[in-house]
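Student:
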Amino acid sequence: MRFIQETWLTFVRAFRPALRSPGALIAGALVPLLYLVLFGPLLGQTKAAEGVGSWQWFVPGMLIQLTLFITVNAGFTLIPDTRSGVLERMRVTPVSRVALLLGRVMKDVVLLLVQAAMLVALAVALGFRAPVLPMVVAFAMLAIVGVAVGFISYGLAMKLKHEFLLAPVVSGLAVPVMLLSGVLLPMDFGPAWLYAISRANPLTHVVDAERAIVAGDLTSTTVLVGAAVAVGLFVLSMGWAVRTFRKEYA
Amino acid sequence: MIKVRGLTKTFNVKGFEIPAVRGVDLDVAPGEIVGFLGPNGAGKTTTLRMLSTLLTPTSGEAIVAGCDLLTDQDGVRQRIGYVGQGSGAGPEYRVAEELVTHGRLYGLSSVESKERVSSLLKRFDLEGAEDKMIGALSGGQKRRLDIVMGVMHRPQLVFLDEPSTGLDPHSRSNLWDHVRAMREQDGTTVFLTTHYLDEADALCDRILVIDAGAIVAEGTADELKQKVNGDLVSVESSSPEVAAEVAAKAPGAGEIVVEGPVVRFRIPRGDSALPGLLRDFDQAGVVVQSIQTNRPTLDDVFLTLTGRSLRDTDAATPMPAFQ
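Heads up: the sequence lines are chains X and B, in that order. Take any residue in the first sequence, note its place counting from 1, add 4, and you have its number in the numbering used here. Take any residue in the second sequence, note its place counting from 1, add 251, and you have its number in the numbering used here.
#1: So which residues on chain X does Q543/B lean against when the C-beta distance must stay under 9 Å?
#2: Taking 8 Å as the threshold (beta carbon to beta carbon), is D382/B in contact with chain X?
#3: Give the list of continuous alpha helix (DSSP H) stretches no shorter than 4 residues that lie fully inside the segment 329-394 of chain B.
#4: Can you name, in chain order, every residue of its own chain whose Cβ lies under 6 Å from the Cβ of F62/X, other than the five neighbours on each side?
#5: Write down the C-beta distance between V315/B and I331/B rounded to the nearest angstrom, noting that I regard them as a contact closer than 8 Å.
#6: With hydrogens ignored, establish whether the beta-carbon of D473/B is closer than 7 Å to any heavy atom of the ligand ZN.
#7: Between G438/B, G339/B, T557/B and V272/B, which lies nearest to G311/B when the distance is taken from Cα to Cα?
#8: Would you identify the three-state DSSP class for L305/B, choosing helix, strand or coil?
#9: State the DSSP-derived secondary structure class of E283/B, mapped to helix, strand or coil.
#10: Going along the chain, which unbroken runs of the alpha helix (DSSP H) with 4 or more residues stay wholly within the segment 386-458 of chain B?
#11: Please determine, among L237/X, A33/X, P26/X and M242/X, the residue with the shortest C-alpha to C-alpha distance to L126/X.
#12: With a threshold of 8 Å on Cβ separation, who are the neighbours of H166/X within its own chain once the five nearest residues in sequence on each side are excluded?
#13: Leaving out the 5 sequence neighbours to the left and right, which residues in its chain are closer than 7 Å to T297/B when beta-carbon positions are compared?
#14: Check for me: the beta strand (DSSP E) holding G236/X runs from which residue to which?
#15: Taking Cβ to Cβ, would you say A120/X is nearer than 8 Å to L67/X?
#16: Going by DSSP in three states, D323/B sits in which element: helix, strand or coil?
#17: Are M403/B and R374/B close, meaning C-beta to C-beta below 8 Å?
#18: Tell me, please, whether the CB atom of T97/X is closer than 8 Å to any CB atom in chain B?
#19: Name the residues in the segment 81-96 of chain X whose C-beta lies less than 8 Å from a C-beta of chain B; which are they?
#20: Measure the alpha-carbon distance for W12/X versus M191/X and round it to whole angstroms.
#21: From the beta carbon of P571/B, is the nearest beta carbon of chain X less than 8 Å away?
#22: Look at L408/B and L377/B and say whether their C-beta atoms are less than 8 Å apart.
#23: Looking at chain B, which residues of the segment 63-79 of chain X have a Cβ within less than 7 Å of any of its Cβ atoms?
#24: Between V256/X and G57/X, what straight-line distance do the alpha-carbon atoms span, to the nearest angstrom?
#25: Could you check what DSSP says for L105/X in three-state terms: helix, strand or coil?
#26: Using the Cα positions of F262/B and P308/B, report the straight-line distance between them to the nearest angstrom.
#27: Helix, strand or coil for T261/B per DSSP?
#28: Taking 8 Å as the CB-CB limit, is L29/X close to chain B?
#29: Does L170/X get closer than 8 Å to chain B when you measure Cβ to Cβ?
#30: Taking all protein chains shown into account, do 16 or more other C-beta atoms lie within 10 angstroms of the C-beta of D551/B, making it buried, or fewer, making it exposed?
#31: Rounded to whole angstroms, what is the Cα-Cα separation between L40/X and G236/X?
#32: Assuming contact is defined by CB atoms lying nearer than 8 Å, are S488/B and V538/B in contact in what I supplied?
#33: DSSP three-state label for K165/X, please.
#34: Starting from the C-beta of S338/B, find all residues in its chain whose C-beta is less than 7 Å away, skip the five residues before and the five after it, and write them out in chain order.
#35: Between the Cα of S303/B and those of V327/B, G286/B and I284/B, spot the shortest distance and give me the residue it belongs to.
#36: Since A205/B is in the beta strand (DSSP E), which residue starts that stretch and which ends it?
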């Protein structure tokens, strides 16, 4: 009970500045919205989405791209706090170390879900269609992946301690993971080696699952595999981030 | 309130073992204001961070506010307040909301926390700042806000790390008044670090002098000053060499240095030795232009104990920056 309250307090505190500048929220979602408008229509000309409409195929991928790029940058907000004394001040309280991290990650995930909803709204205007229940499931999976990527980002921030070190590592990880997950074009377009690598990328399975969910196949193996991968990522990344927190910050 | 035995901390930096604290023993009684005085890199902050659970000691043991530092960190955390060197309040928050959240992190209810905030803001001259952005406060206000944060949950013991660094003289003495008031009104025990002599002198009941990771002396400011061999006498005259010879014959005089027309030396009870000295100078034909005596400062104490001046040692002990 205490743990939930501590997480909630950390979450509310982390969320406050975002409420004061909602403009940043829109700016953060701008890149995926641009992809949707300026890249999405090209897909209609390919065989990318045979059998389903091109929007049905493209929008789930864009949601994953949004998730990745929003939460992978979460760690940047921790570094000024480690430097100023804000984190130190919280660490001398009896608050659970997990709550101190989880509250922050939850903030990033809530912002992510708001931006994802904006993206879906625009997509619907462009011709994307999906029933409500599958979309709720799709968003739940986004949230789980978002928490996982957020923990990884905070873990990296704690290890690297400087923005100029975190920035190249974050983009060095996020860009290949994004390209190899098949969010832009189907991976089976590519040569066999590329396809093989993409199957080893955990995010590929989440993207496939999101597409299956949007198509309404909630109980297919693809969805189950994707969900298992998402939960696995969540557990591993949280364990690693909390361990790193305890190690780097006693 | 604090009992520390054999506390050490060794940092491992790129394969090198760097001992930052080499076996500290100390005791602090309830209601005391105790200061850790030493140059940068002496191990003051490292010790303070260990005692406030921010760093794990390499060896040694400590009881802090009645709880074992090694086995009951949460117990220690609930009972102590800690004000670090950096500002603990987020600049992008408003004063009251940040304080209320902080109180609630200690388990205060929303109502309790709000009441505590308004009474503390009043006490620390921050009334009316409730809705100001923390980033817009002055240096002195921010430092008082940090202390308010440190005492939100009514801790029995408060650690202050370099509390007045970077403040102007007026804000500093104002801050000292507030620290004294914490003890007088709530009986709070205060343990602080400083590399300012005047701060240790003005604020602390007892001073622990630390150098290169070990405590080299402890006592009240007066007790420490008695360790110095008497008061400093400076005599400006027409014949400093003769004056130096005269001074050398005076009972108890030592550390005689001639610098241009000025002779400096130390002599016990300088004020009562002065009339006799003047007579001796006169008889030796020394024409004295000016004469002054200075009580020993804590800087003299540090010089006597370590052979180095506090003011010169800021860069003397290279210590890597730890987060």
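Quick reminder that beta carbons are idealized off the backbone N, C-alpha and C, glycines included. Since the structure is predicted, the reported quantities are computational estimates derived from the model, not experimental observations.
Tutor: Once the coordinates are examined:
#1: Ordered by position in chain X, no residue passes the 9 Å Cβ test against Q543/B, which lies about 43 Å from the chain.
#2: No, D382/B lies away from the interface with chain X (no Cβ there is under 8 Å from its Cβ).
#3: Restricting attention to alpha helix (DSSP H) runs no shorter than 4 residues, the segment 329-394 of chain B encloses them at 346-356 and 361-374, ordered along the chain.
#4: Around F62/X: G44 and L47.
#5: Your pair V315/B and I331/B checks out as a contact, with CB atoms roughly 6 Å apart and the cut at 8 Å.
#6: Ligands in the displayed structure: none, and consequently the ligand ZN is not present.
#7: Closest option to G311/B, Cα to Cα, is V272/B.
#8: L305/B: coil per DSSP, three-state reduction.
#9: Residue state, collapsed to three classes: coil.
#10: Complete alpha helix (DSSP H) runs here, min 4: 390-402, 420-437 and 448-454.
#11: Of the candidates L237/X, A33/X, P26/X and M242/X, the one whose C-alpha sits nearest the C-alpha of L126/X is A33/X.
#12: Close CB contacts of H166/X within its chain, under the 8 Å cut and outside five residues either way in sequence, are with I83 (chain order).
#13: The residues are K260, A271, V272 and L306.
#14: Segment T225 to E252 is the alpha helix (DSSP H) holding G236/X; no beta strand (DSSP E) there.
#15: The answer is yes: Cβ separation under 8 Å.
#16: Three-state result, D323/B: coil.
#17: No, they are not a contact pair.
#18: Flagged as an interface residue toward chain B: T97/X, by a C-beta distance shorter than 8 Å.
#19: Flagged, chain order: D85, T86, R87, S88, G89, V90, E92, R93, M94, R95 and V96.
#20: Straight-line Cα distance between these residues: approximately 40 Å.
#21: Annotation note: pLDDT 44 at P571/B (below 50); position unreliable, coordinate value reported separately. Not closer than 8 Å to any Cβ of chain X, the Cβ of P571/B fails to qualify, so no.
#22: L377/B sits away from L408/B, with the two beta carbons spaced by 8 Å or more.
#23: Within the segment 63-79 of chain X, no residue qualifies.
#24: In the structure as shown, chain X starts at 5 and stops at 254, and residue 256/X therefore has no counterpart that could be examined.
#25: Three-state result, L105/X: helix.
#26: For F262/B and P308/B, the distance between alpha carbons rounds to 10 Å.
#27: Strand.
#28: Judged by the 8 Å Cβ criterion, L29/X is not in contact with chain B.
#29: No - not a single Cβ of chain B is within 8 Å of the one on L170/X.
#30: Buried.
#31: Linking L40/X to G236/X through their CA atoms gives a straight-line distance of about 29 Å.
#32: Judged by beta-carbon spacing, V538/B lies within the 8 Å limit of S488/B, meaning their Cβ atoms are closer than that value.
#33: For K165/X, the secondary structure class from DSSP, reduced to helix, strand or coil, is coil.
#34: Around S338/B: K393 and D397.
#35: It is V327/B.
#36: No information on residue 205/B is available, as it lies outside the stretch 252 to 574 that chain B covers here.
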